[in-house]
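Following: one structure in structure tokens, then a few remarks.
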Amino acid sequence: MPNVRGFDVNGQTCLNKDDFAREVASNATVLEEFDRQKSIGQYPGRSLADTFATEIAANGDIYAWLHSRVQAADFSGLRIGDYMDVPVAAGSNVPAQTVRYLLAAVDPYYQCSDAAMPHHLAFVPAAPVLVSGSKATNTSYIMWNTTATNNGNATVKEPYLASHLHGWEINDYLPALPAALRNVLINHRSLCEQRYGSSALTEASGWGWADLGKVWSLSEMEVYGCAVWGSKGYSVGMDCHFPLFDSTASRIMGTRVTWWLRSVMGGSASSVCNVYGDGYASHYSATNGSVRPRPCFLIG
Numbered sequence: 004m005p006n007v008r009g010f011d012v013n014g015q016t017c018l019n020k021d022d023f024a025r026e027v028a029s030n031a032t033v034l035e036e037f038d039r040q041k042s043i044g045q046y047p048g049r050s051l052a053d054t055f056a057t058e059i060a061a062n063g064d065i066y067a068w069l070h071s072r073v074q075a076a077d078f079s080g081l082r083i084g085d086y087m088d089v090p091v092a093a094g095s096n097v098p099a100q101t102v103r104y105l106l107a108a109v110d111p112y113y114q115c116s117d118a119a120m121p122h123h124l125a126f127v128p129a130a131p132v133l134v135s136g137s138k139a140t141n142t143s144y145i146m147w148n149t150t151a152t153n154n155g156n157a158t159v160k161e162p163y164l165a166s167h168l169h170g171w172e173i174n175d176y177l178p179a180l181p182a183a184l185r186n187v188l189i190n191h192r193s194l195c196e197q198r199y200g201s202s203a204l205t206e207a208s209g210w211g212w213a214d215l216g217k218v219w220s221l222s223e224m225e226v227y228g229c230a231v232w233g234s235k236g237y238s239v240g241m242d243c244h245f246p247l248f249d250s251t252a253s254r255i256m257g258t259r260v261t262w263w264l265r266s267v268m269g270g271s272a273s274s275v276c277n278v279y280g281d282g283y284a285s286h287y288s289a290t291n292g293s294v295r296p297r298p299c300f301l302i303g
């Protein structure tokens, strides 16, 4: 835009530059380009650390800044697909790695659950993460369960909460996250499918409110927007579709690696739902050793 500040009339300078109008026009152009990119599935995301550097500096770190934004219910300027890079420390079953976390949904479960959920931001890794140590299979993958079952047990009827995968998420992956991030994570309380009886069940036996904890895997509903292989009704609960997953390509984001979901397969006592490396909805035996985790969290 030409930078003309004014013009001269009979020796008098008349200013015609309107800085406010220019700022508004510039912002509108930026938003229009964002809308265009989003509409064709080509929005690359922005580094939150770079885009909001001044705000973040005033809060100490990016996690404290996000926490303050959520506490104020101030989501202005945030866009689905924006990201932050999280350093994950090495542990006995987690290798050191930097995981790019994408903003996947804003307040998807606000005021939901039996105990009302507070304001929150949902973050999802841009790619499945690596596993190591005794819990790793094929060097960097993990089994959903160490036995071929997708049932819960007498103590924990929810299959996912009783799973080997969730045990790794809570006991290994969560402690490997930065303490400053762990301090602002909130528990994800959800209506979970239950599957337990006197013999191995192939369908849900009911559902119940339960804590997924501060790190958890996605459900079919959150990725696809519907149940595909999971039990009708019980596998959905209160889950909703996350806007990050607006295309098949967005499920794999260029990384053709199969990853576990927390949903278990209907019509089977041993299979679990996953997103196949080609991007489609699939399922494998719980003991498959060629699937990676994609642990998510809520900042609140």
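All residue numbers for the sequence shown refer to our numbering, where the first residue is 4 and numbers rise by one.
In this text, a Cβ means the ideal position worked out from N, Cα and C, and glycines have one as well.
Compare the Cα-Cα distances from residue i to each of the options and report the closest residue.
| i | options | result |
| --- | --- | --- |
| L301 | E206, P128 and W263 | P128 |
| N174 | K160, S95, M87 and N291 | S95 |
| M87 | A52, P111 and Y112 | A52 |
| N153 | V294, V275, H286 and R297 | V275 |
| Y237 | P178, G211, L69 and A56 | G211 |
| P296 | N277, S79, E58 and T158 | N277 |
| W171 | T158, A56 and V97 | V97 |
| S135 | A179, Y279, G282 and R82 | A179 |
| A203 | I59, G155, W232 and A230 | G155 |
| I255 | C229, A284 and G240 | A284 |
| C115 | W232, L194, S293 and N62 | L194 |
| S79 | T54, A139, G292 and A157 | T54 |
| Q40 | A61, H70, I59 and R82 | R82 |
| T205 | P162, A119 and V89 | P162 |
Quick check on residue i: does DSSP put it in helix, strand or coil?
| i | result |
| --- | --- |
| Q114 | coil |
| E206 | coil |
| T258 | coil |
| Y176 | helix |
| A67 | helix |
| V267 | strand |
What does a CB cutoff of less than 8 Å around residue i pick up in its chain, not counting 5 residues either side in sequence?
| i | result |
| --- | --- |
| C299 | A107, A125, F126, V127, P128, V218, W219, S220 and L221 |
| H122 | V73, Q74, A76, D110, Y113 and G303 |
| T150 | A289 and T290 |
| R192 | S116, D117, A118, M120, W212, A213, D214 and L215 |
If I measure Cβ to Cβ from residue i and keep anything under 6 Å in the same chain, skipping five residues before and after, which residues do I get?
| i | result |
| --- | --- |
| R49 | D85 |
| A183 | D64 and Y66 |
| S100 | Inspection of the sequence shows that residue 100 is occupied by Gln rather than by Ser. Excluding positions up to five away in sequence, the list reads V91 and L133. |
| A2 | Outside the displayed range of the chain (4 to 303) lies residue 2, so it cannot be described from this structure. |
| A207 | E196, R198, S234 and Y237 |
| C243 | P111 |
| A165 | G155, N156 and V159 |
Any heavy atom of the ligand ZN closer than 7 Å to the CB of residue i?
| i | result |
| --- | --- |
| T205 | Annotation note on the ligand ZN: not contained in the displayed structure, which lists no ligands. |
Report all residues from its chain with a CB closer than 7 Å to the CB of residue i; omit the five preceding and five following residues, and keep chain order.
| i | result |
| --- | --- |
| N190 | D214, G216 and K217 |
Ordered list of beta strand (DSSP E) runs contained in the segment 126–174, each at least 3 residues: none
Quick one: complete alpha helix (DSSP H) runs, 4+ long, within the segment 217–244? 223–227
With three or more beta-carbon pairs closer than 8 Å as the criterion, would you say the segment 222–229 touches the segment 264–276? yes
Quick check: the segment 142–150 against the segment 241–259, are at least 3 beta-carbon pairs closer than 8 Å? no
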